[in-house]
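Notes follow once the structure below has been shown.
Structure, rendered in structure tokens:
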């Protein structure tokens, strides 16, 4: 993979960041770039010299002028770019022209599906921003945050990524773990396990997420205690209906472990799930997703050595409101091999690339994983996963969109491709649901995520 930067003072500074191995706070002189040469989240504010990446405008914090929005209503997101058409389409025939801006997994998709795989590239937009309150925390974190306990925790403040000017792979991974996102989320989501011949089976889950990191009254306060509570209740298939899993995520994995409890409707018992996370298969995905591949990586970073490869330009899913419209039908979206490209939207963006290599003495089905993290959000948008032999195995990506409810970016529908079997997982589908994600309603509390609550939810 080729990493290039413009030879500007800022670009040289970025290169020095990559070379540095110290887990140190950012000097005040560097932090002063935030809000000037850099956006408050640390992205390069200027466009690229070719004009194919636009300058950051950040003209909207929340719903754009003239767009009707009802807070926390669960309505599907409005497609504010609905009138736009692709500038060009990358195919197997012309992918070599754009190869330096594609990941290994994207190239493998073209090679496996040469007749149908496409990446439609649209005009780039950098129109949305975080609130001034979040930006203030970002500046504070740049000056104060540190990775602690051998990468197992951080010292910093809640409500924003802790390393807007990252210097190590560990810091970029922690940005992905602790971004600005929804404080509360309630959603009924569908999951589609699509086989190589196009046949598919569906599952349905009711999910509740309480993200303590983004609780409004915790904004700017020290990171400690619980990161998040989650509850997943199975609604389909019928044979698994009523199963419930609760999990509690710590902010420091050296001090606490991720805990989980599972309710079995057959035995009507709740049991604690040992060592929940890592490469345990996610239920209903046919092995195409692990617990820690949700959002491309989550949980303790302990099993991998994380190397910051650098920053590069890459075609990634961005501003994809189109795929989340209630007019989209699964029969039209989910096709053999991959999702219908007509519902995809890619833009040229700058991303941080981080390589995780499995440490000696640790076990995981992924011997290596490479994450691509959008500089404008601090969140991973695409990933390539390799098996124990070092062979490319999976390619995955998330269609993020800016949510007016949370004034930040929200993870929408994602796809996890098994490049060996030819099957894939369509995850977090809600297009055919009457309601999309209900965000920041503030109606969830920790008492809803106890073992006893799991039993009650399953009955």
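Residue numbers (mature numbering (1 follows the signal peptide of the UniProt record, and there is no 0)): -24 to -1, 1 to 435.
Virtual Cβ for every residue (Gly too), placed ideally from N, Cα, C.
So which of 432, 324, 403 and 42 has the shortest CA-CA distance to residue 31?
Taking the chain shown and counting its residues from 1, one reaches residue 31 at position 55. Answer by Cα proximity: 324.
Pairing CB atoms from the segment 25 to 39 with CB atoms from the segment 154 to 162, are three or more of them under 8 angstroms?
no
Taking residue 361 and residue 261 to be in contact with their CB atoms under 8 angstroms, please state how far apart those CB atoms are, rounded to whole angstroms.
For this step, residue 361 is matched to residue 385 along the chain shown. For this step, residue 261 is matched to residue 285 along the chain shown. Between residue 261 and residue 361 the Cβ distance is about 13 angstroms, and since that is not below 8 angstroms, they are no contact.
Is there a Cβ of chain B sitting closer than 8 angstroms to that of residue 178, yes or no?
Among the protein chains of the structure shown there is no chain B, as only one such chain exists.
Give me whichever residues DSSP pairs with residue 179 in a beta bridge.
As a first step, residue 179 must be located in the chain shown, where it is residue number 203. DSSP lists 167 as partners of residue 179.
Where does residue 370 sit, in a helix, a strand or coil, going by DSSP?
Against the chain shown, residue 370 aligns to sequence position 394. Residue state, collapsed to three classes: strand.
Check whether the segment 106 to 125 and the segment 168 to 188 touch, using three or more Cβ-Cβ pairs below 8 angstroms as the test.
Not touching, per the Cβ criterion.
Determine the contact status of residue 321 and residue 305, defining contact as a CB-CB distance below 8 angstroms.
By 1-based counting over the chain shown, the position of residue 321 is 345. By 1-based counting over the chain shown, the position of residue 305 is 329. Their beta carbons are not under 8 angstroms apart, which means residue 321 does not touch residue 305 by this criterion.
For residue 370, count neighbouring Cβ atoms within 10 angstroms of its own Cβ and tell me buried if that reaches 16, exposed if not.
As a first step, residue 370 must be located in the chain shown, where it is residue number 394. Looking at its Cβ environment, which holds 16 or more other Cβ atoms inside 10 Å, residue 370 is buried.
Taking 8 angstroms as the threshold (C-beta atoms), are residue 282 and residue 145 in contact?
Residue numbering aside, residue 145 sits at position 169 when the chain shown is read from its first letter. Residue numbering aside, residue 282 sits at position 306 when the chain shown is read from its first letter. In this structure, the beta-carbon distance from residue 145 to residue 282 falls below 8 angstroms.
Within its chain, find whatever has a CB closer than 7 angstroms to the CB of residue 280; leave out the 5 residues flanking it on each side and keep chain order.
To locate residue 280, count along the chain shown from 1; it is residue 304. 332, 333, 334 and 335, listed in sequence order.
Which stretch, first to last residue, makes up the beta strand (DSSP E) that contains residue 427?
Position 451 of the chain shown holds residue 427. Per DSSP, residue 427 belongs to no beta strand (DSSP E); it is in the alpha helix (DSSP H), 427 to 434.
Using DSSP bridges, identify the partner residues of residue 145.
Within the chain shown, residue 145 is the residue found at index 169, counting from 1. Bridge partners of residue 145: none, in fact.
What distance in whole Å lies between the Cβ atoms of residue 156 and residue 110, which are believed to be in contact at a cut-off of 8 angstroms?
Stepping through the chain shown from its first residue, residue 110 is reached at position 134. Stepping through the chain shown from its first residue, residue 156 is reached at position 180. Rounded to the nearest angstrom, the Cβ distance from residue 110 to residue 156 is 5 angstroms, consistent with a contact under 8 angstroms.
Short of 7 angstroms in beta carbon distance, which residues of its chain neighbour residue 89, apart from the five on each side in sequence? Order them along the chain.
Residue mapping note: residue 89 aligns to position 113 of the chain shown, counting from 1. If we look at residue 89 and ignore the five residues flanking it on each side, its Cβ neighbours are 313 and 314.
Using 8 angstroms as the threshold, is the C-beta distance between residue 243 and residue 257 below it?
Walking along the chain shown from the start, residue 243 turns up at place 267. Walking along the chain shown from the start, residue 257 turns up at place 281. No. Outside cutoff.
When you compare each of 205, 409 and 188 to residue 197 by their alpha carbons, which one comes out closest?
The count along the chain shown starts at 1 and reaches residue 197 at position 221. Nearest of 205, 409 and 188 to residue 197, Cα basis: 188.
Short of 6 angstroms in beta carbon distance, which residues of its chain neighbour residue 292, apart from the five on each side in sequence? Order them along the chain.
As a first step, residue 292 must be located in the chain shown, where it is residue number 316. If you ignore the 5 residues before and after residue 292, its C-beta comes within less than 6 angstroms of the C-beta of 325, 357 and 358, all in its own chain and listed in chain order.
Please name the residue or residues paired with residue 332 in a DSSP beta bridge.
Locating residue 332 in the chain shown gives position 356, where the first residue counts as 1. Residue 332 pairs with 282 and 345.
Please determine, among 199, 386 and 240, the residue with the shortest C-alpha to C-alpha distance to residue 432.
Here residue 432 corresponds to residue number 456 of the chain shown, with the count starting at 1. Selected option, being the one with the closest Cα: 240.
Give the single residue among 226, 179 and 277 whose Cα lies nearest to the Cα of residue 209.
One-based indexing of the chain shown puts residue 209 at position 233. Nearest of 226, 179 and 277 to residue 209, Cα basis: 179.
Which value, in whole angstroms, describes the spacing of the CA atoms of residue 1 and residue 139?
Here residue 1 refers to the residue found at position 25 when the chain shown is read from its first residue. Here residue 139 refers to the residue found at position 163 when the chain shown is read from its first residue. So the alpha carbons of these two residues sit roughly 9 angstroms apart.
Give the DSSP-derived three-state secondary structure of residue 228 in the structure shown.
Counting from one through the chain shown, the residue named residue 228 turns up at place 252. In the structure shown, residue 228 adopts coil according to DSSP, grouped into three states.
I'd like to know whether the C-beta atoms of residue 376 and residue 387 end up nearer to each other than 8 angstroms.
Walking along the chain shown from the start, residue 376 turns up at place 400. Walking along the chain shown from the start, residue 387 turns up at place 411. Less than 8 angstroms separates the beta-carbon of residue 376 from that of residue 387.
For residue 69, does the three-state DSSP call read helix, strand or coil?
In the chain shown, the residue the question calls residue 69 occupies position 93. Coil.
Go ahead and pull the three-state DSSP assignment for residue 185.
Here the question's residue 185 lines up with position 209 in the chain shown. Three-state result, residue 185: strand.
Have a look at 374, 206 and 316 and flag the residue whose alpha-carbon is nearest the alpha-carbon of residue 181.
Indexing the chain shown from 1 puts residue 181 at position 205. It is 206 whose Cα lies nearest to the Cα of residue 181.
Does the beta-carbon distance from residue 300 to residue 411 come in below 8 angstroms?
Residue 300 sits at position 324 when you count from the first residue of the chain shown. Residue 411 sits at position 435 when you count from the first residue of the chain shown. No, they are not a contact pair.
Should residue 80 go down as buried or exposed, given a rule of 16 or more other Cβ atoms within 10 Å for buried?
Walking along the chain shown from the start, residue 80 turns up at place 104. It is exposed - the Cβ of residue 80 has fewer than 16 other Cβ atoms within 10 Å.
Out of 12, 148, 319 and 60, state which residue places its alpha-carbon closest to the alpha-carbon of residue 94.
Counting from one through the chain shown, the residue named residue 94 turns up at place 118. Closest option to residue 94, Cα to Cα, is 319.
Where does residue 327 sit, in a helix, a strand or coil, going by DSSP?
In the chain shown, the residue the question calls residue 327 occupies position 351. Here residue 327 sits in strand by DSSP.
Can you tell me whether DSSP reads residue 267 as helix, strand or coil?
If you number the chain shown from 1, residue 267 lands on position 291. Three-state DSSP puts residue 267 in a helix.
How many Å lie between residue 414 and residue 25 at the Cα?
What you label residue 414 is simply residue 438 of the chain shown in a count that begins at 1. What you label residue 25 is simply residue 49 of the chain shown in a count that begins at 1. Cα to Cα, the separation comes out at about 40 angstroms.
Please report the straight-line C-alpha distance between residue 287 and residue 112, rounded to a whole angstrom.
For the purposes of this step, residue 287 is identified with residue 311 of the chain shown, where counting begins at 1. For the purposes of this step, residue 112 is identified with residue 136 of the chain shown, where counting begins at 1. If you take the alpha carbons of residue 287 and residue 112, they lie about 24 angstroms apart.
Give the list of continuous beta strand (DSSP E) stretches no shorter than 3 residues that lie fully inside the segment 187 to 212.
202 to 212
So what's residue 92 in DSSP terms, helix, strand or just coil?
Here residue 92 refers to the residue found at position 116 of the chain shown. Correct three-state label for residue 92: coil.
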